[in-house]
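Shown next, in structure tokens, is the structure this report addresses.
Number of protein chains: 2
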Amino acid sequence: MKVSHRGLYALKALIHLAEAYDGGLVKIHQIADEESIPEKFLEGILVTLKNARIVSSERGREGGYRLRRPPTEILVGDVVRILDGPLAPFGDAVELAHRVRTEPRHGGLFDLFLDVRNAAAAILDHTSLADVVERNRRVLAGRRGKNRRRGATSRTPA
Amino acid sequence: MKVSHRGLYALKALIHLAEAYDGGLVKIHQIADEESIPEKFLEGILVTLKNARIVSSERGREGGYRLRRPPTEILVGDVVRILDGPLAPFGDAVELAHRVRTEPRHGGLFDLFLDVRNAAAAILDHTSLADVVERNRRVLAGRRGKNRRRGATSRTPA
DNA sequence: TTATACTCTACTGAGTCGATAGGAATGGAG
DNA sequence: CTCCATTCCTATCGACTCAGTAGAGTATAA
């Protein structure tokens with residue numbers, strides 16, 4: 001699995017929107033400015049996220065973008081898949097499972113890749129935008145405790 | 001992290017050499033044939049592996065390739081890094097650690113990526129070619145037990 | 001000396017990636 | 001109704017990577 005600049009920009013933009021979730025619409029220009037993302041490039045990324053129903057938009061003078069669901073319900077794994085494809089290091093989970101069965105001499109190799117993709121999925125599919133925002137704060141505030149908070153609905157510190 | 005066809009071919013060729021480890025030299029032609037890899041393409045891959053000191057070669061009539069170290073001492077993680085670069089989903093471990101510290105608004109995001117790369121490394125750096133050969137056999141022979149056998153050098157569980 | 005095998009360099013055609021340009025559609029403000 | 005800020009769409013660009021090929025060069029055993 002590889003995360004491109006596009007994918008990184010998308011995540012940064014979504015984190016921005018997550019932080020502004022209760023504040024209504026946010027304009028592309030503002031996101032691009034504060035996150036140092038080329039504005040025209042971000043345009044295309046947001047359209048992709050809109051088609052994937054992650055964000056919604058309104059046009060015209062008072063337009064802008066907002067998250068379509070609360071930040072606790074948008075998983076990093078989904079975003080990565082939309083922008084950069086499957087989490088697996090080679091092909092996708094279905095193809096890997098297939099090759100485990102059909103390539104007699106190398107079943108174990110693809111099975112190993114499947115383990116890697118499952119390990120990545122275990123992390124990214126259990127981390128929501130809200131979790132990342134929380135983690136940003138934690139890292140910023142000294143980050144002594146190498147705590148692993150899990151779950152889309154995580155709330156409590158400690 | 002992304003494993004290219006090149007990386008996959010390399011691993012298949014190395015597994016081939018691991019199985020023939022006690023049998024002396026193996027010719028490119030033979031590997032290419034039995035593993036269905038374009039011969040000229042495999043040529044270049046093996047030179048890369050030779051420069052990385054994973055395999056050694058001898059020229060001339062009775063030439064060929066062999067592993068430079070026993071299959072228990074060659075880790076899949078090393079091979080992937082040689083052919084396809086760092087295991088991290090973005091940049092490498094050093095860059096990620098640096099950005100955790102220097103991007104105040106998104107430290108948590110890069111910290112998350114670091115978790116993913118560590119999860120991948122925990123698997124691939126504890127699996128040797130010998131482990132993969134063993135796993136191939138296991139998968140081939142029914143593969144009921146979803147056992148995780150670890151490498152001769154393995155130390156910590158994930 | 002010759003056949004066989006590895007070595008090296010260069011190249012190609014297709015595709016991806018980050019980024020930009022220019023305009024069309026939309027909707028609020030005056 | 002007209003302006004204008006904003007999202008939306010398409011097209012293009014240059015640089016780069018990737019899978020694969022071509023061909024000449026070098027070492028070695030028989």
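Protein chains in written order, with the numbering used here: chain D, 1 to 158; chain G, 1 to 158.
Here a beta-carbon is modelled for each residue, glycine too, at the ideal position from N, C-alpha and C.
Within chain D, the residues whose beta carbon sits less than 7 Å from that of residue 107 (chain G) are 136, 139 and 140, listed in sequence order. When DSSP reads this structure, residue 26 (chain G) sits in a beta bridge with G:65. Below 8 Å, too few C-beta pairs join the region 48 to 59 of chain D and the region 85 to 99 of chain D to call them touching: fewer than three. When rounded, the separation of the alpha-carbon atoms in residue 116 (chain D) and residue 122 (chain G) is 9 Å.
Rounded to whole angstroms, the Cβ separation of residue 128 (chain G) and residue 75 (chain G) is 6 Å, and the two are in contact under 8 Å. Taking a beta-carbon distance threshold of 8 Å, residue 112 (chain D) counts as an interface residue toward chain G. Per DSSP, the beta bridge partners of residue 57 (chain G) are G:65.
Contact check for residue 63 (chain G) against residue 57 (chain G) passes: the beta carbons are separated by less than 8 Å. Between residue 86 (chain G) and residue 92 (chain G), the CB-CB gap stays under 8 Å. Counting C-beta atoms within 10 angstroms of its own C-beta, residue 141 (chain D) has fewer than 16 neighbours from the protein chains shown and is therefore classed as exposed. The Cβ-Cβ distance between residue 12 (chain G) and residue 84 (chain G) does not fall below 8 Å. Against chain G, a Cβ distance below 7 Å from residue 89 (chain D) picks out 1, 2 and 3. Assigned with DSSP and collapsed to three states, residue 75 (chain D) falls in strand. Residue 133 (chain G) and residue 71 (chain G) do touch by the CB rule: their CB atoms are close to 7 Å apart, below 8 Å. Residue contact with chain D for residue 124 (chain G): present (Cβ-Cβ distance below 8 Å to some residue of chain D).
Under the 8 Å criterion on CB atoms, residue 74 (chain D) is classed as non-interfacial with respect to chain G. Rounded to whole angstroms, residue 112 (chain D) and residue 17 (chain G) show a C-alpha spacing of 19 Å. Proximity to residue 15 (chain D) across G:125, G:135 and G:107 peaks at G:107, based on C-alpha coordinates. Within the model, the alpha-carbon separation for residue 9 (chain D) versus residue 42 (chain G) is close to 37 Å. Residue 127 (chain G): not part of any alpha helix (DSSP H); DSSP gives it neither H nor E. The alpha-carbon separation between residue 26 (chain G) and residue 126 (chain G) amounts to approximately 26 Å. The C-alpha of residue 6 (chain D) lies about 25 Å from the C-alpha of residue 6 (chain G). Taken atom to atom, the span from the alpha-carbon of residue 32 (chain G) to that of residue 65 (chain D) is near 53 Å. Chain G places no beta carbon closer than 8 Å to that of residue 28 (chain D), leaving this residue out of the contacts.
Contact between residue 29 (chain D) and residue 19 (chain D) is absent: CB atoms are separated by about 17 Å, not below the 8 Å threshold.
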